[in-house]
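Chains as they are written, first to last, in my numbering: chain A, 15 to 236; chain B, 92 to 319.
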Amino acid sequence: MIRHHATDETLLRYAAGQLPAGPARVIAVHLSGCPACRARVAAFEAVGGALLQQIDPAPMSPDAFAAALRAIEDTQESPGEPSAPPATAARASAKPIEGIELPEALRDCDVGPWRWIGIGMRASTITLPEDARARLTLLRVGPGRKLPEHGHFGTEFTQVLAGSFSDGYGRYTPGDLSEMGHDVEHQPIVDGEGECICLAALEGSMRLTGFFGRLIQPFVKL
Amino acid sequence: MIRPVVGGVEGIMNAFLEPARSKIANRSPSRRGALVTQFMQDDGAPDGGEMAELIRRVAEAQDRQAYARLYSYFAPRVTAFLRKSGLPANTAEEIAQDVMLAVWRKASYFDPAQAGVSTWIFTIARNQRIDHARRLKVAAAAQALPPDDEEVAPSGEAVLLVAEREASVRAALGALSDEQAAIVRLSFFSEKAHSEIARELNLPLGTVKSRVRLALGRLRALLEGQSS
């Protein structure tokens, strides 16, 4: 059961297509397992539909409609005979990474190898086809480990894929999303039963606090 | 005659609809007049049921008159929407043309049990805008957002629920204060996070956040009221 959801602001920005690529992927993973958040996205998309109808129409160039007609005459597909839906066939599957089955929403991404970032902590960098500079990280943290205490300059989106962790705001299990605003400092601790694998994206940059945090910051490119 | 042929989109549409006129020429003159003006009018906004019917006619019969009606209503609005999102006028029109072509090609995928027509077209425009931004960022062709792949058989009940949702979302938008509505609109037209919006409006972040929360909370309450 999912107890930690995305905020309305985030789902609104996702529905509007305004969330940066990295966080949008984390939200896509969360949505795939969360009917409640999917319903909220559908409502916010309806807000988009309503805004589209309310807007003052813009003038089009004089030949726009003629060009549109030529385009539909040229198109191979007729609307009555749908060809095979796109995307599914074309989507390459990412190479597997040890320890976890990658969510469907990340199948077209390039997943790097696990690298050591601290005792009991490994990370893998995920590169997105749509934005080479987007920052998306898989974190794999051993049981009982503390992540360095940190704050953020932006919002941190963390989706639990396996295992669980807790911080001052609650316990997060697979399917849960932790959304930490820029004004929050928190220190996640992985629960004792097993390692925890999370998908994390940051809008903005992380501000590690405490001695250990400042020490490892140069190495943790979240 | 019914209406003089004028320049611009309307003029071309008049020319385009010529076959339609001759087809209905045998009917009574008053009926003919009513039909043609119906196609010509842009300001008479079609309601949700009418729009879904137009999409169905495009999907099942490649009905170009139905398409013309959809085009005359949506193309200028999609263009306006994209321009408001920060795209230059010519790019906005190019993408709007792609969006309208997708409406033609994907008409049979439209599912009235998932969303209303304007919402469906909004999501197409949103995805095309994202794709456009990606093409600027990377040379390689990018994937669209993961498609909603739940196959839900459209039932009359589901279609009704969608229609209700669209109506109540509209009502809720209308009930927002000007400021709340402005904040919601900013979320659609700007990629800025609310913290940046707050800075720009010179409002404390907490104020913006609580106002957004209020506005969105109202929408959410409406939705949850329906699903129960």
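Virtual Cβ for every residue (Gly too), placed ideally from N, Cα, C.
DSSP-derived helix/strand/coil call for residue i
i        : result
A:Arg27  : helix
A:Ala53  : helix
B:Ser278 : helix
A:Val174 : strand
B:Leu173 : helix
A:Gly189 : coil
A:Thr169 : strand
A:Thr89  : coil
B:Arg160 : helix
A:His200 : strand
A:Ile131 : strand
A:Glu144 : coil
A:Ile124 : In the sequence under discussion, the amino acid at residue 124 of chain A is Asp, which differs from the Ile named in the question. Note: A:Asp124 maps to strand in three-state DSSP.
B:Ser268 : coil
B:Arg147 : helix
A:Gly184 : strand
B:Asn117 : Unreliable positioning characterises B:Asn117 in this predicted model, as indicated by a pLDDT of 40, which lies under 50. The coordinate reading is nonetheless provided below. Coil, per DSSP.
A:Glu209 : coil
A:Thr151 : strand
A:Met74  : coil
A:Leu216 : strand
B:Ile288 : helix
A:Thr21  : coil
A:Phe179 : strand
B:Lys283 : coil
A:Lys160 : strand
A:Gly41  : At residue 41 of chain A the sequence reads Ile, which differs from the Gly that was named. Helix at A:Ile41.
Minimum Cβ-Cβ distance from residue i to chain B less than 8 Å
i        : result
A:Thr89  : yes
A:Arg27  : yes
A:Met74  : yes
A:Asp124 : no
A:Ile16  : no
A:Leu65  : yes
A:Pro188 : no
A:Val174 : no
A:Ala214 : no
A:Glu199 : no
A:Ile86  : yes
A:Ala103 : In this predicted model, A:Ala103 has a pLDDT of only 40, less than 50, meaning its place in the structure is not dependable; the value taken from the coordinates is given anyway. Output row for A:Ala103: interface = no.
A:Ile69  : yes
Close Cβ partners of residue i (< 8 Å) along its chain, the five nearest in sequence each way excluded
i        : result
A:Gly61  : In the sequence under discussion, the amino acid at residue 61 of chain A is Val, which differs from the Gly named in the question. Excluding residues within five positions, the ones whose Cβ falls inside 8 Å are Leu26, Ala29.
A:Arg105 : Below a pLDDT of 50, predicted positions are generally treated as unreliable, and A:Arg105, at 45, falls in that range; the measurement from the model is reported next regardless. Answer for A:Arg105: Arg121, Asp122, listed in chain order.
B:Gly177 : Phe280, Ser281
CB contact below 8 Å: residue i versus chain A
i        : result
B:His223 : no
B:Gln271 : no
B:Leu307 : yes
B:Thr210 : yes
B:Glu141 : no
B:Gln188 : yes
B:Gln132 : Bear in mind that the predicted position of B:Gln132 carries a pLDDT of just 44, short of 50, making it unreliable; the figure below should be weighed with that in mind. So, not an interface residue.
B:Gly207 : yes
B:Pro167 : yes
B:Arg302 : no
B:Glu257 : yes
B:Glu242 : Caution is warranted here: a pLDDT of 44 is assigned to B:Glu242, below 50, making its placement in the model unreliable, and the coordinate value is therefore given only provisionally. Output row for B:Glu242: interface = no.
B:Gln234 : Per-residue confidence for B:Gln234 stands at a pLDDT of 38, beneath the threshold of 50, marking its modelled position as unreliable; the derived number appears in the next sentence. Closer than 8 Å to some Cβ of chain A, the Cβ of B:Gln234 qualifies, so yes.
B:Arg290 : no
B:Glu248 : no
B:Pro237 : For B:Pro237, the predicted structure reports a pLDDT of 42, less than 50, and the residue's modelled location is therefore unreliable. A value from the coordinates is still provided. Closer than 8 Å to some Cβ of chain A, the Cβ of B:Pro237 qualifies, so yes.
Cutoff 7 Å; reference residue i; Cβ partners in own chain excluding five residues on either side
i        : result
A:Glu59  : Ala29
B:Ala180 : Arg174
B:Phe172 : Ala216
A:Glu193 : Ala20, Thr21, Thr24, Thr169, Phe171
A:Gly208 : Pro157, Gly177
B:Tyr162 : Met191
B:Val303 : Ile274, His285
Own chain, CB closer than 6 Å to residue i, minus 5 neighbours either side, in chain order
i        : result
B:Gln219 : Ile186, Asp189, Val190
B:Thr170 : Ala183, Glu184, Ala187
A:Gly184 : none
A:Ala148 : Ala35, Gly36, Leu142
B:Ser199 : Ala150
B:Trp211 : Phe201
Contact belief for residue i with residue j at Cβ below 8 Å, rounded distance in angstroms
i        : j        : result
A:Leu216 : A:Glu170 : 5 Å
A:Val174 : A:Asp190 : 5 Å
B:Gly297 : B:Glu257 : The pair is not a contact, with the Cβ atoms about 32 Å apart (cut-off 8 Å).
B:Ala143 : B:Pro203 : 5 Å
A:Arg154 : A:Ile211 : 5 Å
B:Ala306 : B:Val275 : 6 Å
Residue i beta carbon near the ligand NAD (any heavy atom closer than 7 Å)
i        : result
A:Gly182 : This structure lacks the ligand NAD; in fact it carries no ligand of any kind.
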